[in-house]
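In terms of the working numbering, the sequence shown opens at residue 43 and continues consecutively.
Built from N, CA and C at the ideal position, the CB exists for glycine as well.
Please read all numbers here as calculations on a predicted model, not as lab measurements.
What follows is one structure encoded as structure tokens, with my remarks underneath.
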Amino acid sequence: MLLLEMRRKHIAIGLIASSWSAIAAAQTAPPAPPAPATTSAPAVTADASAETDPEGISEIVVTARRRAERLQDVPLAVSAFDQRVLGEKAATNLIALSNSVPNIRLEPVGLFLSASAFAIRGIGQAGVESHDDPRVALYIDGAYQSRNAVGLGDMFDVEQVEILRGPQGALYGRNAFAGAISIRSRRPGDEFSANGEITVGNYGRRDFSAGVDIPLLPGILVARVTAMHRGFEGFSTIGNPSPSISISDQAALVGRQLGPVIGQSIGGESKNAYRGILKFTPTDTVEANFIVSRTEARNDGSPTINQRLPNSVFGALGFPGRDPFGDHSLGIGGDGTDPFLTGSSYGNRYDIDDWDLLADLTVQVGGGTWFTVVDYKTQASTILTDTDGELVDLFSSDRLEKYHSLQAETRYQHDFLDDRLQVTAGLFWLKDQFDLYQRLQLGFGNPGDPAATPPLAPVPLFQFPIDGRSANNNLQFNGQRRHTISPFAQVNYKLTDTVRLTAALRYSYEKKRAYNFPLQQIVGPPGNAGIAKDFDTVNASVTFRNSCGEAMTSSKNWSPSLGIDYKPNDDIMVYAQWQRAFKSGGLNVNAQSCATFQTPYNDEQVDNFEVGFKGELFDKRLRLNLTAFWAEYKDLQQSVIRVNPFNSASAETYTSNAAGARIRGVEAEFTLIPADGFNIYGNAGYLDARYKEFCADLDGPGAFVGTPVSTCGGIAQIVSPGLALIATDNSNLKLTRAPRFSGQLGARYTHVMGSGSLSLDTSVNHTSTLETQVQNNPFTDRKPLTMVDASVTWTDARDRFKIIAWGRNLNDDVGRLAATYVAPLFIFAYPTPPRTFGATVSFKY
43 MLLLEMRRKH IAIGLIASSW SAIAAAQTAP PAPPAPATTS APAVTADASA
93 ETDPEGISEI VVTARRRAER LQDVPLAVSA FDQRVLGEKA ATNLIALSNS
143 VPNIRLEPVG LFLSASAFAI RGIGQAGVES HDDPRVALYI DGAYQSRNAV
193 GLGDMFDVEQ VEILRGPQGA LYGRNAFAGA ISIRSRRPGD EFSANGEITV
243 GNYGRRDFSA GVDIPLLPGI LVARVTAMHR GFEGFSTIGN PSPSISISDQ
293 AALVGRQLGP VIGQSIGGES KNAYRGILKF TPTDTVEANF IVSRTEARND
343 GSPTINQRLP NSVFGALGFP GRDPFGDHSL GIGGDGTDPF LTGSSYGNRY
393 DIDDWDLLAD LTVQVGGGTW FTVVDYKTQA STILTDTDGE LVDLFSSDRL
443 EKYHSLQAET RYQHDFLDDR LQVTAGLFWL KDQFDLYQRL QLGFGNPGDP
493 AATPPLAPVP LFQFPIDGRS ANNNLQFNGQ RRHTISPFAQ VNYKLTDTVR
543 LTAALRYSYE KKRAYNFPLQ QIVGPPGNAG IAKDFDTVNA SVTFRNSCGE
593 AMTSSKNWSP SLGIDYKPND DIMVYAQWQR AFKSGGLNVN AQSCATFQTP
643 YNDEQVDNFE VGFKGELFDK RLRLNLTAFW AEYKDLQQSV IRVNPFNSAS
693 AETYTSNAAG ARIRGVEAEF TLIPADGFNI YGNAGYLDAR YKEFCADLDG
743 PGAFVGTPVS TCGGIAQIVS PGLALIATDN SNLKLTRAPR FSGQLGARYT
793 HVMGSGSLSL DTSVNHTSTL ETQVQNNPFT DRKPLTMVDA SVTWTDARDR
843 FKIIAWGRNL NDDVGRLAAT YVAPLFIFAY PTPPRTFGAT VSFKY
């Protein structure tokens with residue numbers, strides 16, 4: 043039986059090798075330690091003091107349409123958070139805003155805590171590979187962040203965040219397929235000032251930050267310098283998840299004592315960030331900002347659970363796993379084990395070193411405004427992931443990556459005909475590249491190998507044996523160079539004082555050139571001591587047997603939009619619009635066959651139809667924003683399986699335009715101030731997300747009798763005797779990260795005293811069940827989650843000191859955040875964060 047499973051195992055290894063990034067992407071790991079926060083303030087209430095404003099809800103200015111406009115005058119589904127709200131939420135990254143906006147999921151990717159798994163309106167992307175483009179466009183200080191791999195949007199010293207729901211291809215360009223997010227750093231003030239913040243919480247949470255504004259030439263040149271440290275021990279603890287094998291027996295397998303690691307916390311974070319800004323205003327019509335940012339992260343990787351899978355290879359080796367979660371859709375409960383107990387044969391490691399240099403220039407010229415931003419980014423990362431959740435190394439993955447990007451955008455805005463005609467036109471240019479080494483290891487040898495140590499043949503970290511002890515150590519090397527350019531324009535024209543038309547268009551051209559050395563066993567001299575953790579020694583010590591050379595692909599695409607809005611008075615707007623956007627195609631850069639690597643996949647496209655209402659009613663005591671939308675998607679890029687053209691006895695995962703979908707839904711956001719000092723807020727989102735077509739093999743080789751036939755006209759290929767890849771109709775599956783319902787309801791009361799003010803805030807956040815992976819496999823869904831957050835905030839009368847006592851998920855509702863299903867090898871799973879609490883003290887001078 044074990045030999046049969048091992049035969050299937052080798053096929054599964056091919057699938058893992060061809061797309062471990064896709065496997066990891068199917069996961070969503072526990073968010074980085076929770077932002078110490080007050081409960082979620084309403085997104086559409088820009089200022090937390092709004093509830094005491096005698097004129098009602100205060101205003102916020104946004105740049106969602108590339109020009110400054112009042113939030114309620116923008117005919118888009120946009121939510122905005124200014125500096126005061128972000129400060130009271132103590133948001134450390136975008137994950138903290140996930141419950142504050144309807145129909146969005148802001149989460150990190152499984153084993154890669156700095157990579158984003160963002161979804162808006164049921165469409166998202168969770169790939170960690172740099173060649174795998176995001177579906178939600180993230181901009182920081184006007185610069186596009188071109189990879190999911192660094193897409194969480196750290197909100198250290200941030201001034202404002204805007205989240206746009208729905209396709210934004212015309213103004214935000216490539217890959218604003220599901221929506222766009224814009225983050226703006228805090229700019230220096232004209233006078234000397236200083237601020238600082240200290241946060242202490244459970245699970246070892248320790249955060250410190252400080253900033254100072256320094257006028258160098260009053261009225262002309264001012265600087266801001268900021269620094270931050272974030273520390274966290276992690277939610278999980280190392281123990282023995284497989285008590286049927288004693289710790290001493292497992293220690294013998296790995297060749298070292300395991301006692302010192304038992305009881306240690308894992309999944310922690312240690313991050314330092316620094317930023318310097320020079321603001322130069324030589325005249326009233328010219329402003330330039332120069333920003334230098336540095337980030338150093340020395341984090342743990344994400345702890346995992348080896349979840350029980352019947353007849354798995356891991357189970358046959360004595361590690362059957364467990365399941366704390368069960369399956370909500372099937373009505374099966376968990377087994378009662380601790381979801382925060384994990385194993386690790388060596389400490390997970392997630393190191394990132396990042397530099398970013400940015401300059402922007404704003405000039406008032408010719409009656410209009412010219413804006414230009416130039417950004418250069420360089421990043422190096424070392425990621426070591428002990429994936430299996432056991433004390434013995436059953437499966438691990440290590441990555442060394444370097445990334446560089448240079449981009450520029452320039453645009454000009456001008457108003458004509460007494461401001462009835464508003465024109466914005468610009469040009470975007472980007473050039474970036476990455477190089478990646480990746481190691482995949484199954485930590486046991488072949489059962490028939492006489493040199494293997496029964497039942498396992500563990501291999502030390504970064505040791506690639508060539509003596510036959512394990513054929514399951516492999517290294518891959520690939521990279522990509524990309525160049526894109528896109529002109530764009532938008533016109534707003536007032537037909538009457540109450541009716542306005544909007545038209546926008548963007549043309550995008552993109553070229554990608556990639557190289558690939560497919561995953562393969564290392565070739566080297568006997569006694570090779572292994573590969574060090576940097577590029578130079580890797581290049582010097584490794585010889586690759588096979589190379590696919592280079593492949594190229596290019597894309598040309600138009601992204602138009604049309605809209606109309608009607609505003610009978612300053613308090614009410616209704617609008618309708620059509621938007622088209624695309625996510626660019628590309629190459630299977632990490633493919634395991636040259637034929638697949640050299641076969642590109644195409645762009646995917648969406649047409650979105652949307653109507654909305656925005657209102658401020660009852661003397662601005664109620665703000666209500668409603669949206670309804672219908673989106674049609676075609677040529678969706680999905681991970682599917684086919685026979686490896688390089689080796690017909692194995693299979694590989696690759697990206698193909700395999701699906702089409704239809705998503706429709708409604709959204710609501712509101713803020714109500716029934717009395718001075720009392721604020722009720724909330725949001726709700728409903729999604730009806732369905733595939734229209736999806737013909738593919740998603741599960742790998744299966745048994746067949748006679749001649750294999752696809753029922754939907756797809757592939758039917760024999761892999762080995764009795765096993766074949768057969769495409770089936772998967773249109774009945776649910777889209778990932780597309781819960782039918784999500785919502786938030788909260789209340790905040792502020793009492794003003796002589797010494798300051800005291801605010802009490804609480805909210806209930808609910809998300810219905812959702813699928814975490816494309817295949818919708820059993821025991822991989824996420825149950826409905828309902829979490830209660832609360833906070834108490836004291837602010838002194840001069841608004842200089844603030845103390846916040848906060849708690850998140852106070853009811854301790856924990857479920858499966860995500861899972862990775864790779865039969866017959868394993869299921870790996872991750873828990874949602876448990877109850878967290880702490881206090882934040884801040885000052886400003």
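Straight-line Cα distance separating Val434 from Ser387: 5 Å
Element boundaries [alpha helix (DSSP H), containing Gly211]: Gly211 to Tyr214
Sequence ranges, beta strand (DSSP E) only - wholly within the stretch 271 to 296, length at least 3: 278 to 280
Only counting the same chain, and skipping five residues up and downstream in sequence, which positions put a Cβ closer than 6 Å to that of Tyr535? Leu463 and Leu543
Evaluate Arg840 with the Cβ neighbour count: other Cβ atoms within 10 Å of its Cβ, from every protein chain shown; 16 or more gives buried, anything less gives exposed. exposed
Is DSSP giving Thr874 helix, strand or coil here? coil
Do Arg734 and Gln679 have their CB atoms nearer than 8 Å? At residue 734 the sequence reads Lys, which differs from the Arg that was named. Not in contact: Lys734 and Gln679 (Cβ atoms no closer than 8 Å).
Can you tell me whether DSSP reads Asn190 as helix, strand or coil? helix
Classify Ser550 as buried or exposed, calling it buried when 16 or more other Cβ atoms lie within 10 Å of its own Cβ. buried
What are the partner residues of Phe413, as DSSP defines its beta bridges? Thr404 and Arg453
Per DSSP, Lys844 forms a beta bridge with which residues? Thr837 and Ser884
Which residues in the same chain as Thr337 place their Cβ atom closer than 6 Å to its Cβ, once the five residues preceding and following it in sequence are excluded? Ala315 and Asp396
Whether or not the stretch 173 to 183 and the stretch 428 to 446 are in contact is what I'm after, with contact meaning three or more pairs of Cβ atoms, one per stretch, closer than 8 Å; do they touch? no
Cα-Cα separation between Gly898 and Phe783, rounded to whole angstroms: Since the first residue of the chain shown is 43 and the last is 887, residue 898 is not available in this structure.
In angstroms, rounded to a whole number, what distance separates the CA positions of Gln786 and Val143? 9 Å
Taking the DSSP output, what are the residues bridged to Tyr245? In the DSSP output, where bridge partners are listed per residue, Tyr245 has none listed.
Taking contact to mean 3 or more Cβ pairs, one atom from each stretch, closer than 8 Å, check whether the stretch 148 to 161 and the stretch 234 to 250 are in contact. no
State the DSSP-derived secondary structure class of Cys636, mapped to helix, strand or coil. helix
Taking the C-alpha atoms as reference points, what is the distance between Lys553 and Pro529? 16 Å
Check each candidate in Asp428, Ala422, Ala467 and Asp440 and name the one with the smallest Cα separation from Trp412. Ala467
May I have the straight-line CA-CA distance separating Ser438 from Phe361, to the nearest angstrom? 16 Å
N- and C-terminal bounds of the beta strand (DSSP E) containing Gly357: Premise fails: Gly357 lies in the alpha helix (DSSP H), Val355 to Ala358, not in any beta strand (DSSP E).
Name, in chain order, the residues that DSSP records as bridge partners for Ile165. Ile162
Could you tell me if His173 is buried or exposed, where buried requires 16 or more neighbouring beta carbons within 10 angstroms of its beta carbon? buried
Three or more C-beta pairs under 8 Å: does that hold for the stretch 205 to 225 against the stretch 250 to 261? no
Nonlocal neighbours in the same chain, by C-beta distance under 6 Å from Met594, ignoring five residues either side: Arg555
Among the residues of its own chain, which have a CB less than 8 Å from the CB of Glu111, if the five just before and after it don't count? Val103, Val104 and Thr105
Distance between Trp471 and Tyr557 (C-alpha atoms, nearest Å): 23 Å
May I have a chain-ordered list of the alpha helix (DSSP H) segments no shorter than 4 residues that lie completely inside the stretch 417 to 482? none
With 16 as the cutoff for other CB atoms within 10 Å, does Trp600 come out buried or exposed? exposed
Short of 8 Å in beta carbon distance, which residues of its chain neighbour Tyr887, apart from the five on each side in sequence? Order them along the chain. Ser235, Ala236, Asn237 and Arg842
Going by alpha carbons, who is nearest to Leu867 out of Arg364, Thr538 and Pro352? Pro352
Can the beta-carbon of Leu666 be found less than 8 Å from the beta-carbon of Phe712? yes
Taking the alpha-carbon positions, what's the Glu329 to Val264 distance? 11 Å
On a Cα-Cα basis, can you pick out the residue from Leu320, Ala294, Ala780 and Arg340 that is closest to Lys313? Arg340
Ordered along the chain, which non-local residues of its own chain (more than five positions away) have a Cβ less than 7 Å from that of Val116? Val104, Ala106 and Arg107
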